Amino acid sequence: MQVRILECSNSDYNKLARAITEFNFANLPANSSNNMMSLGFVVKDAVRGGLLGGITGKLLLGNCLSIDILWVEPEHRLHKYGSQLLLALEQAAKNNGSHLSQVDTFDFQALGFYQKNGYTLFGVLEDCPCIGNKRYYLQKKL
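Its first residue numbered 3, the sequence shown is counted upward by one per residue in the working numbering.
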């Protein structure tokens with residue numbers, strides 16, 4: 003058989019995503035995907051309605067929470083909005099059957115913040131995103 007390596011089309015991507023999803027479902031308990039969903043919360047100025055920060059994440063296979071984005075405007079970071087948003091997301095995940103949360107952060111982002119909020123380090127990727135930087139992987143049992 004002759005093969006070629008080609009650029010992936012949208013159609014190819016969708017086929018690959020379906021194939022790995024079917025494989026995963028076949029190798030995990032029947033209820034491991036019951037609550038796959040996106041979750042998110044924002045904090046807004048009650049008077050002006052402006053966005054001060056927010057958090058987004060997903061419940062993945064096994065209902066594990068994966069945190070995607072956590073952002074609080076710099077001038078509002080000492081008001082504990084980040085911790086409140088994180089707690090709200092974790093609680094929503096727990097309410098939907100999650101037992102574990104995971105997040106990654108760069109050395110110039112929020113390692114200390116996550117550790118203060120109960121996350122423990124389980125891995126470090128050196129020279130990421132650039133040479134001299136580190137990417138930290140953290141987890142927390144919910």
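Positions of the beta carbon are idealized from the N, C-alpha and C atoms, including for glycine. This one's a predicted model, so the numbers in the text were calculated from it and none came from an experiment.
Nearest Cα to F124 within the set I133, S103, P131: S103. Using a Cβ distance threshold of 7 Å, K60 and L53 do not count as a contacting pair. Setting aside the 5 residues that flank it on each side, K142 is surrounded in the same chain by S103, G120, Y121, each with a C-beta closer than 6 Å to its C-beta; the list follows chain order.
Contact between the segment 61-74 and the segment 89-109 is present, with at least three C-beta pairs closer than 8 Å. Distance check between H78 and each of G55, G64, A95 places G55 closest, using alpha-carbon atoms only. Unbroken beta strand (DSSP E) runs of no fewer than 3 residues, entirely contained in the segment 32-79, are found at 39-46, 53-61, 67-74, following chain order.
Scanning its chain for C-beta atoms nearer than 8 Å, with the 5 sequence neighbours on each side dropped, one finds around N36 the residues N65, G99, in chain order. In the structure shown, G125 adopts extended strand secondary structure according to DSSP, grouped into three states.
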